[in-house]
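Notes follow the structure.
Protein chains in written order, with my numbering: chain R, 861 to 992; chain Z, 26 to 334.
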């Protein structure tokens, strides 16, 4: 659980102070997957701010895939962080793959060696995931 | 008139002698919002509120409140409005409890639970006499009296004035509590930018009787921007940039605050050939002060439609 707080008179609008804190909380592991966030009304009353401001912050976080509203139960940190579209995901992944391949070439690895190393890593990752 | 508009004025004007206290006011307040009405002392806020509630005859122009002409508001419509004035009108010999009993006689709808809740929130004892109450306690009592009839529209004329921090917080909490009902509208005037930031959905700014801003809080914050330009030597003379509010020069820097900031503004600033240009965030108060300060051009109005990208 993280302790959300806001400040008036800041250069950062209140809704953005909330989204920044939740994002940071998720990234730093202070907010776990499936952890419940306060309801819009409850957070608005605790922070003494307009509920529409909290709703705005939650809507932004939901659009990023960081939180989701589960019918009748409340607002939760999502299991799956659907932060990017497939297309955007590839756009981010491609330079990393190019960097790995480029580095492998410089270090004189063959494509076959690279494929095998990649498969090995993938299966390690799969079994780790399966054991979870 | 739109069902969802609770306050609407068209060209509303009031003169005192030769001076217009409110000039050509076009205001629209949607149902269910918290609307902050801002401006310096003497800018016409109270005059506007008094006209809206039918307490002061407009010189010209039109106004509608909950769909009724403000020149002829029926009593049953007035009963749906809660009004908290700057000066609290109370009988000093009454107790808190008696004030509630007295006030409840005037309303067909009176929620005693709300009255007790509000006075409890302000830590008022029912047996306490009005004459012994502090400023904050009187505000709490008046707020209880105003909220108990469950008004559809709550009009607060500078409710925060003279309150200590605890009473002040209770006031803001009461306002937020009221937004539980999504069909309730709050229209309040204030000088407290921190309150506006906490509770307001929309804001309007009146400057010497003329409306300068009427938009959402977010639109206002996005529209007023500050940028810093760096130069190899002395900065050029302050340029003619559309929407320029204020400009500050130092030996190698020019800092400008503009409204309606857009690509055209940015091009005009780059045309000065600075070596570097960067945004400097502004808080709400800085934006507000640059808007109403003495320097800068002020011949335009910021409305929701104009601010759309």
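No residue lacks a Cβ here, since even glycine has one placed at the ideal position from N, Cα and C.
The structure presented is a predicted model; accordingly, all values stated were derived computationally and were not measured.
C-beta contact flag for residue i and residue j at 9 angstroms
i                      : j                      : result
residue 935 of chain R : residue 877 of chain R : no
residue 131 of chain Z : residue 181 of chain Z : no
residue 914 of chain R : residue 900 of chain R : yes
residue 167 of chain Z : residue 103 of chain Z : no
residue 210 of chain Z : residue 31 of chain Z  : yes
residue 224 of chain Z : residue 317 of chain Z : no
residue 219 of chain Z : residue 868 of chain R : yes
residue 106 of chain Z : residue 81 of chain Z  : no
residue 117 of chain Z : residue 155 of chain Z : yes
residue 86 of chain Z  : residue 50 of chain Z  : yes
residue 252 of chain Z : residue 245 of chain Z : no
Rounded separation between residue i and residue j - CA only
i                      : j                      : result
residue 885 of chain R : residue 862 of chain R : 7 angstroms
residue 975 of chain R : residue 955 of chain R : 18 angstroms
residue 146 of chain Z : residue 300 of chain Z : 56 angstroms
residue 257 of chain Z : residue 60 of chain Z  : 46 angstroms
residue 270 of chain Z : residue 923 of chain R : 35 angstroms
residue 26 of chain Z  : residue 265 of chain Z : Unreliable positioning characterises residue 26 of chain Z in this predicted model, as indicated by a pLDDT of 45, which lies under 50. The coordinate reading is nonetheless provided below. If I take the Cα positions, the gap works out to 41 angstroms.
residue 100 of chain Z : residue 119 of chain Z : 26 angstroms
residue 957 of chain R : residue 964 of chain R : 11 angstroms
residue 948 of chain R : residue 917 of chain R : 23 angstroms
residue 204 of chain Z : residue 905 of chain R : 10 angstroms
residue 911 of chain R : residue 902 of chain R : 9 angstroms
residue 846 of chain R : residue 950 of chain R : Since the first residue of chain R shown is 861 and the last is 992, residue 846 of chain R is not available in this structure.
residue 946 of chain R : residue 953 of chain R : 10 angstroms
residue 152 of chain Z : residue 63 of chain Z  : 37 angstroms
Cβ shell of residue i (< 6 angstroms), same chain only, five flanking positions each side left out
i                      : result
residue 274 of chain Z : 260
residue 187 of chain Z : 160
residue 331 of chain Z : Model confidence at residue 331 of chain Z stands at a pLDDT of 48, short of 50, so the residue's coordinates are unreliable and nothing is read from them.
residue 235 of chain Z : 48
residue 40 of chain Z  : 84
residue 241 of chain Z : 227
residue 174 of chain Z : 132, 134 and 135
Close Cβ partners of residue i (< 7 angstroms) along its chain, the five nearest in sequence each way excluded
i                      : result
residue 222 of chain Z : 309
residue 297 of chain Z : 254, 261 and 264
residue 193 of chain Z : 185
residue 874 of chain R : 866, 909 and 913
residue 189 of chain Z : 161
Near the ligand PLP: residue i beta-carbon under 8 angstroms from a heavy atom
i                     : result
residue 33 of chain Z : This structure simply doesn't include the ligand PLP, nor any ligand for that matter.
Beta-carbon proximity list for residue i, same chain, < 8 angstroms, skipping 5 on both sides
i                      : result
residue 208 of chain Z : 56, 57 and 177
residue 978 of chain R : none
residue 199 of chain Z : 143, 146, 168 and 172
Practice problem: Could you run through the segment 925-939 of chain R and flag, in chain order, every residue whose CB is less than 8 angstroms away from some CB of chain Z? | Solution: none
Self-check item: 3 or more residues per run - each beta strand (DSSP E) lying fully within the segment 147-192 of chain Z
Solution: 178-182
Quiz item: Which full runs of the beta strand (DSSP E) of 3+ residues lie inside the segment 67-116 of chain Z, going along the chain?
Solution: 85-90 and 106-109
Self-check item: Where the segment 225-241 of chain Z meets chain R: residues whose CB sits under 9 angstroms from a CB there
Solution: 225 and 226
Quiz item: For the segment 293-315 of chain Z, which residues have a beta carbon sitting closer than 9 angstroms to at least one beta carbon of chain R?
Solution: 305, 306, 307, 308, 309, 310 and 311
Quiz item: Which runs of the alpha helix (DSSP H) fall wholly inside the segment 202-266 of chain Z and span at least 4 residues, in chain order?
Solution: 218-224 and 242-248
Exercise. Quick one: which unbroken alpha helix (DSSP H) runs of 4-plus residues sit fully inside the segment 907-962 of chain R? Chain order, please.
Key: 911-923
Quiz item: Closer than 8 angstroms, Cβ to any Cβ of chain Z: which residues of the segment 862-873 of chain R, in chain order?
Solution: 868, 869, 870, 871, 872 and 873
Exercise. Select from the segment 904-919 of chain R all residues with a C-beta closer than 7 angstroms to any C-beta belonging to chain Z, and list them in chain order.
Key: 904, 905, 908, 909, 910, 911 and 912
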